[in-house]
Every structure is written in structure tokens, then in C-alpha cells.
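In the working numbering, the protein residues as written are 5 to 117.
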Amino acid sequence: MIQVFLQAESSPIASFLPLALVLVVMYLFFFRPQIKKQKEEKKFREEIAKGMRIVTNSGIHGKILEIQEHTMIIESENTRLKIDKAAVSKEFSATYLPKEEKAAKKDEKKSEK
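If you want it as C-alpha cells, here you go:
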């Protein structure tokens with residue numbers, strides 16, 4: 005009697021379904037966000053302009069002085085560094101500034117309006 009139930013439940017679709025669900029979950033939670041992040045970083049690297057403040061992958065903060073085809077020159081603590089464009093991680097935005105500098109920037113924006 006038990007053998008009849010075991011034989012009735014083994015279908016190829018039922019055994020493939022868990023594997024398919026695992027692959028879908030992996031795509032949604034692992035691969036898709038990573039692909040999206042890579043696209044955003046590529047777009048940011050294409051929009052880099054002279055004078056922007058950036059942070060490199062290694063954590064160096066600096067201001068862009070000159071941009072060439074594959075490299076750029078940044079200034080950090082009165083030191084000039086020639087780095088590859090791929091080494092740029094993100095823009096040094098107001099979220100990283102100390103509270104005093106944030107307040108000063110807000111005051112500047114208010115005075116401009």
C-alpha cells in the first residue's frame with residue numbers, strides 16, 4: 005500500500021519545481037540587485053566631471069582635477085594621484101559631511117533662494 009503512494013507522487017514536474025523556485029529566488033535576491041548596482045556605477049563613471057568630489061574603492065577621498073580617456077588625476081590632502089576611472093566608487097556627497105558643513109550648505113541654499 006505504501007509503495008502505491010510513493011509511486012503516485014513521483015512525477016518529473018514535481019521534482020523540478022523546487023529547483024526552479026530556488027533559481028528564481030536566487031535571481032531576485034542575489035543577481036538582479038548586483039546587476040542593477042553595476043549599471044548605476046557604470047552610469048556614474050560616465051558622468052564624472054572635473055571638480056567633483058569622489059571616493060575611490062580603496063577609500064581615498066579627493067577632488068577631480070583632470071580627466072583623461074581611461075584615467076583621472078585627483079587631489080587629496082595636497083597630493084595629486086593618477087587613478088583609473090574604474091577605481092572610482094561613488095561621489096562624496098553631503099551625506100558624508102560633518103554636521104557643521106551640512107548646516108553651512110543649507111544656509112548657502114537658503115541665501116541663494
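Virtual Cβ for every residue (Gly too), placed ideally from N, Cα, C.
Query	Result
According to DSSP, residues forming a beta bridge with M76	I71, I87
Three-state class that DSSP yields for S15 in the structure shown	coil
Alpha-carbon spacing of F35 relative to I71, whole angstroms	32 Å
8 Å CB neighbourhood of K67 in its chain, flanking five on each side removed	G55, M56, R57, I58, I78, E79, S80
Between the CA atoms of G63 and S19 - distance to the nearest angstrom	48 Å
Buried versus exposed, by CB contacts within 10 Å (16 or more), V92	buried
Alpha-carbon spacing of A53 relative to Q38, whole angstroms	25 Å
Cα-Cα separation between K41 and K94, rounded to whole angstroms	11 Å
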